[in-house]
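Remarks on the structure that follows.
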Amino acid sequence: MNLIFIRGNESNSSNGSLLRFALTSRPIAGLVLEGLGRCLTPSDVAFAVPASRHRPGFGKTVYAVPKGWNVDPGALEAVGETTREYSLDRAAMVQYERVINVPSEARSAPEPGAAEDPWLVVSNGRFATKMDMTLLHDVLAGVKADVVAVSVDSSLLGEREEVRLTAEGKVAAFHRVYKDSAEFAFASTDWPHHLLVRTCVVEKICPDGVLPWAFSDLLDRCRERGLVWRGVNIGGTLLDLESHEGLVSFCGISLSDRRTLKPERRSSRAAPEGARLVGDVLLGSDVSIAPDVVIVGPTIIGDGVSIESGAVVSSSIVAPGLRISANKIVQDRIVGGPQHDRRRRSHRADPSQGVSRLSHDFDCPRDPCRSFRRWSRLSYARCLKRVADCFVAVVILLLFAPLMPFVALAIKLTSPGPVFYKDRRQGLHGKDFGCLKFRTMITGAHEIQEKLRIVSQVDGPQFKMEDDPRISTVGRFLRETYIDEIPQFFNVLLGQMSVVGPRPSPESENTLCPLWRDARLSVRPGITGLWQVHRTRQPMRDFQEWIHYDIEYVRNLSLRMDLAVCWQTTKKLLDNFISQF
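For the sequence shown, the working numbering begins at 269 and goes up steadily by one.
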């Protein structure tokens, strides 16, 4: 069950509350309730799938609104019209005066084996949020808590770059974050954006069926009853519906979602002949529009609004019963709401609110490839190359299968430690994976490398030196013959690597060159590549050659180039193998 808790207090129970204005104005109320119901539901938490794919019968949404706001329960009819087939199978509204009564079905623990939602989700109705549900699902699986307070933090979003400074304010490094993250948080007296309570402990927190008004009281109940509580901040986007920017943006997003879910619902009423409706426009009932009026979406026109000749309304919300005078231009405004006719401070939304990230459909994930080079679906880079990789990987692994047990035995007999070495590297679009190799160094080699870095014989972030004391005797032979890289073909089969591509690098190396980094992470890293076969190892040029050849490979990626690299690699392997004897 999802309980959307819309709090009313002294500061926002007056006519100055934008959220109260929205919930008492039709058709704005239905649009806001509909959008809030899609932010987070128990089915999201349980199954980690978009709301549009929820299983029928899962998740009841209850809206708790202050009694003094006089919200029309009929607003739920609009919600049901659009979302019954998608996310809100059942919706109800309760009005509270001083305390909030938790519905009885949310307080009863499910019977063993019953297919019921394991969480009661209490959402703060003032905020609209968007987050990675798979990440939230992983967090909940890891914390093993009875109560989880989830707060959305835009600073934890992926697809961003941080600049790290020294104590003197100088640039020390660039840090590229490719995916959303989460972190534990300390207890706060403020209500979180979402509160997740396991249904089996709801009765312990609300024994009298009443949800504590203050969040600090709820925390005290958890401590008194020995319940495990955790606070989590998770990367996501956030809109404050008590701000002009947040409310206008959220209504525009909800309107766009409604059109996406049911394309025929572009407008609730037909516009008169001669009037122009552009984009997503929602018209209430009994709206009077002159023939030469222009309305540009996203725009919501309330019930009983009259728009006279020559007026232009763009990206705005018009309260019910108002009249837009002739030839008036209304843009980026909430007309008739609190602080009447107040213009938004800026046509661009505050970046801290994440409006630009939230401007697409709630149910559509952000494009993880937008900062990288992309190829068409049926191109060589996205289709044939992957097929060829799998074929080559299977052939190589079958050929070397009889040899691999002897290599493993030689490693174990000559050096203590595991047979394989797995190092964290960044692959396609910066996704981490474990790069697998036969171990060629002694254990603890990474710690020793930091002490030897002063004698590194190559420039840039990589490390290399002749007669490296960390390499074992068998390991030196495996490296010279490249047998140590045979296990990487398992990475190829898993789709983490390719046969040909840029060298797989850890995050610490990729953060040092932002422009080059996104180019090389546009493709899967390779076991061999253009740099490996063309590098000259001239002093103070190795890093520059690395950048040059990686960018050239991504820019000119083709079957012909891959075949040429494979041919040159084969010749190099044969030469190195023969030179060992």
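Glycine residues also receive a C-beta, built at the ideal position from the N, C-alpha and C atoms.
Segment limits, alpha helix (DSSP H) that includes residue i
i    : result
W814 : 810–823
E492 : 483–492
A673 : Contrary to the premise, residue 673 reads as Pro rather than Ala in this sequence. Note, P673: alpha helix (DSSP H), 672–682.
T837 : 827–847
S647 : No alpha helix (DSSP H) holds S647; DSSP gives it neither H nor E.
K438 : Where K438 is concerned, there is no enclosing alpha helix (DSSP H), given that its DSSP letter is neither H nor E.
E748 : 741–749
I502 : Unbroken run through I502 is the beta strand (DSSP E), 497–508; no alpha helix (DSSP H).
Counted within 10 angstroms of its Cβ, other Cβ atoms place residue i as buried (16 or more) or exposed
i    : result
R288 : buried
I592 : buried
P835 : It is Trp, not Pro, that sits at residue 835 in the sequence shown. So W835 ends up on the exposed side.
S517 : buried
A661 : buried
V407 : buried
I597 : exposed
E302 : buried
V663 : exposed
A360 : exposed
V742 : buried
A594 : exposed
T838 : exposed
S285 : buried
T711 : exposed
D554 : exposed
Closest residue to residue i among the options (Cα-Cα distance)
i    : options                : result
P475 : W497, R493, A482       : R493
R394 : H405, H512, C468       : H512
S484 : S456, V768, G437, L507 : S456
L545 : G552, V581, P684       : V581
I585 : D560, G514, R642       : G514
L507 : V420, N595, L696, E427 : V420
L551 : V561, D560, T567       : T567
M269 : E430, V675, V470       : V470
G504 : A413, V496, L403, A669 : L403
P684 : N824, F745, D691, S740 : S740
D786 : N824, G695, V742, S847 : G695
T397 : R788, T804, P770, G305 : G305
F701 : N759, H462, V573, S847 : N759
D818 : S391, V801, P770       : P770
L789 : F640, G410, L677       : F640
A453 : V416, Y689, G437       : V416
V549 : P295, L677, K447, A450 : P295
L590 : D600, G572, R601, T749 : G572
A409 : D448, L464, V564, R428 : L464
F745 : A558, L761, M709       : M709
M672 : S776, E753, G547       : E753
L388 : K438, T309, M401, E429 : T309
Close-in-space but distant-in-sequence residues of the same chain around residue i (CB under 8 Å, 5 per side omitted)
i    : result
E210 : This structure leaves residue 210 out entirely; the chain is present only between 269 and 849.
D830 : K653, A656, V767, V768
R650 : W643, S644
K412 : V496
N369 : V362, G477, V478, L479
L291 : I274, A297, V300, L301, V333, W337, V339, A343
P460 : N392, A417, V418, S419, F483, G499
Contact set for residue i: own chain, Cβ-Cβ below 6 Å, skip 5 residues either direction
i    : result
V333 : I274, V339, Q363
S293 : G570, A587, P588
P772 : R693, C703, P793
V561 : A543, I575, A579
W814 : W799
K690 : G702, L704
I272 : L304, Y331, S391, G393
I563 : L545, V549, V581
Neighbourhood of residue i by C-beta, 7 Å cutoff - its chain only, sequence neighbours within 5 removed
i    : result
A440 : R432, L433, T434
K335 : Q363, Y364, E365
H802 : Y817
N501 : S419, D421, L424, A450, E451, A453
P755 : F688, L704, K705, F706
Range of the contiguous beta strand (DSSP E) that encloses residue i
i    : result
C703 : 700–706
G794 : 794–796
Q764 : Per DSSP, Q764 belongs to no beta strand (DSSP E) and is neither H nor E.
T804 : Careful: T804 lies outside any beta strand (DSSP E) and carries neither H nor E.
M399 : 395–399
N392 : 387–392
D340 : Unbroken run through D340: none, as it is neither H nor E.
Any non-hydrogen atom of the ligand MG closer than 7 Å to residue i Cβ
i    : result
P670 : Within the structure as shown, the ligand MG is missing, as the structure has no ligands at all.
Kindly provide the ranges of any beta strand (DSSP E) runs that are 3 or more residues long and lie completely inside the region 559–614, ordered along the chain. 562–564, 567–569, 580–582, 597–599
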